[in-house]
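Engineer: Submitted below is the structure of interest, expressed as structure tokens.
Residue numbers (this note's numbering): 247 to 348.
Below you can see the structure in the form of structure tokens.
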């Protein structure tokens, strides 16, 4: 249960990662992630609404010129940094997935 609380606290700011920031969804709807082995709700997140999708598209359009203008080496470096962050947090991803799968 301790790790469940840590995961909840870590993402308490919102469920939508748009434009480099976590923000709450705007749909007013939620989804529960339930551990099927225990029936415990391990996390509840807000579902994206139309405004969230519009904001994500706007952020992608804003980022596109910089990304498309980057050299292959610059893109590779960005992807390596992203992979390093994912690797650092692999344990968190595995833990959350194990909660979802039971």
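From the three backbone atoms N, C-alpha and C, an ideal C-beta is built for every residue, glycine too.
Beta-carbon within less than 6 Å of residue 263's beta-carbon, same chain only, minus the 5 sequence neighbours each way: which residues are those?
Structural biologist: Cβ neighbours of residue 263 beyond the five flanking positions: none.
Engineer: State whether the stretch 287-294 contacts the stretch 268-277, with contact taken as three or more CB pairs (one from each stretch) at a distance under 8 Å.
Structural biologist: With the cut-off at 8 Å, the stretch 287-294 and the stretch 268-277 touch.
Engineer: I need the straight-line Cα distance from residue 334 to residue 326, nearest angstrom please.
Structural biologist: Computed Cα separation, rounded: 12 Å.
Engineer: Which stretch, first to last residue, makes up the alpha helix (DSSP H) that contains residue 262?
Structural biologist: It is not in any alpha helix (DSSP H) - residue 262 instead sits in the beta strand (DSSP E) that spans 262-264.
Engineer: Taking the alpha carbon of residue 302 as the reference point, which residue from 343, 266, 339 has its own alpha carbon closest?
Structural biologist: Residue 302 has its Cα closest to that of 266, out of 343, 266, 339.
Engineer: For residue 331, does the count of other Cβ atoms within 10 angstroms reach 16, so buried, or fall short, so exposed?
Structural biologist: Per the 10 Å Cβ criterion, exposed.
Engineer: Alpha carbons only, please: which of 283, 315, 300 is nearest the one belonging to residue 272?
Structural biologist: For residue 272, the nearest C-alpha among the options comes from 300.
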